[in-house]
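Colleague: So in the numbering used here the end of the sequence shown lands on 186, straight run, no missing numbers. Virtual Cβ for every residue (Gly too), placed ideally from N, Cα, C. Structure below; questions to follow.
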Amino acid sequence: MAQRFVVQVHDATRLHFDVRIESGGVLRSWAVPKGPSMDPGVRRLAVQVDDHDLAAGEFEGVHQGRRRGTGAVIIWDEGTADVVRDEPDRLSIVLDGHKLAGRFELVRTGGTQWILVKGADDHARRGSDVAHDQPASVRSGRTWQEVAALEQPTR
Ligand code: MN
């Protein structure tokens, strides 16, 4: 059964991508510093973080309150995720998003550290870097920098 997935770009202490996959009414979440890649030869570090509620995956804007970085968040990609394998140290999913498509593997290498890698299928694009080449939100067309500039906090 297809679940929702969302990838957000989040400008916190360090800029990172939050990869979130719906599971059992929550969003299993990983922070991926360099973002997903469509190149099956590229392995990206993915640090598992706490599950988030479904509403977190709808957020685009600037986190208020105590700030690290600008706090800006954009919805970088979203769509459906078919979970084809779900084991303690391995999650295989097939994504159907605007930017990400086809099979992806999340493999735990120890503790909260996982590796995110594109499966070698017809959607794979060797030599590509979608995180760099397509920086804007799929909802608003804005980059995180534009969102940060538009939503300056009032003081
Ligand atoms: Mn984050």
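(1) Alpha helix (DSSP H) containing Q176: first to last residue?
(2) Under three-state DSSP, which class holds L122?
(3) Going by DSSP, which residues form a beta bridge with A87?
(4) Excluding the 5 residues preceding and the 5 following T143 in the sequence, name in chain order all residues of the same chain whose CB lies nearer than 6 Å to its CB.
(5) Checking 8 Å against the spacing of the C-beta atoms, do V138 and Q39 come in under that value?
(6) Please say whether G110 and H94 have beta carbons closer to each other than 8 Å?
(7) Would you mind sorting T44 into buried or exposed? The rule is 16 or more other CB atoms within 10 Å of its CB.
(8) In terms of residues, what are the limits of the beta strand (DSSP E) holding H47?
(9) For A62, which of V114, Q34, V73 and H47 has the nearest alpha-carbon?
(10) Just the C-alpha distance for D117 and S123, rounded to the nearest angstrom, thanks.
(11) Anyone know if the C-beta pair for S60 and R51 falls short of 8 Å?
(12) In angstroms with no decimal places, state the Cα-to-Cα distance between V37 and G172.
(13) Straight-line CA distance for H41 to S159?
(14) Can you have a look at E91 and say buried or exposed, based on whether 16 or more other CB atoms are within 10 angstroms of its CB?
Modeller: The structure says:
(1) It spans W175 to L181 - the alpha helix (DSSP H) in which Q176 sits, taken as one unbroken run.
(2) L122 falls in the strand class under three-state DSSP.
(3) According to DSSP, which records beta bridges pairwise, A87 is partnered with nothing at all.
(4) Excluding residues within five positions, the ones whose Cβ falls inside 6 Å are V78 and Q79.
(5) Q39 is positioned such that its CB atom lies no closer than 8 Å to that of V138.
(6) In this structure, G110 does not lie closer than 8 Å to H94 by Cβ.
(7) Exposed, because fewer than 16 other Cβ atoms sit within 10 Å of the Cβ of T44.
(8) Following the DSSP letters along the chain, one finds H47 inside the beta strand (DSSP E) bounded by residues L46 to S54.
(9) Of V114, Q34, V73 and H47, the residue nearest in Cα terms is H47.
(10) Cα-Cα distance, rounded: 7 Å.
(11) The beta carbons of S60 and R51 sit closer together than 8 Å.
(12) Going by the C-alpha atoms only, they are around 15 Å apart.
(13) If you take the alpha carbons of H41 and S159, they lie about 22 Å apart.
(14) It is buried - the Cβ of E91 has at least 16 other Cβ atoms within 10 Å.
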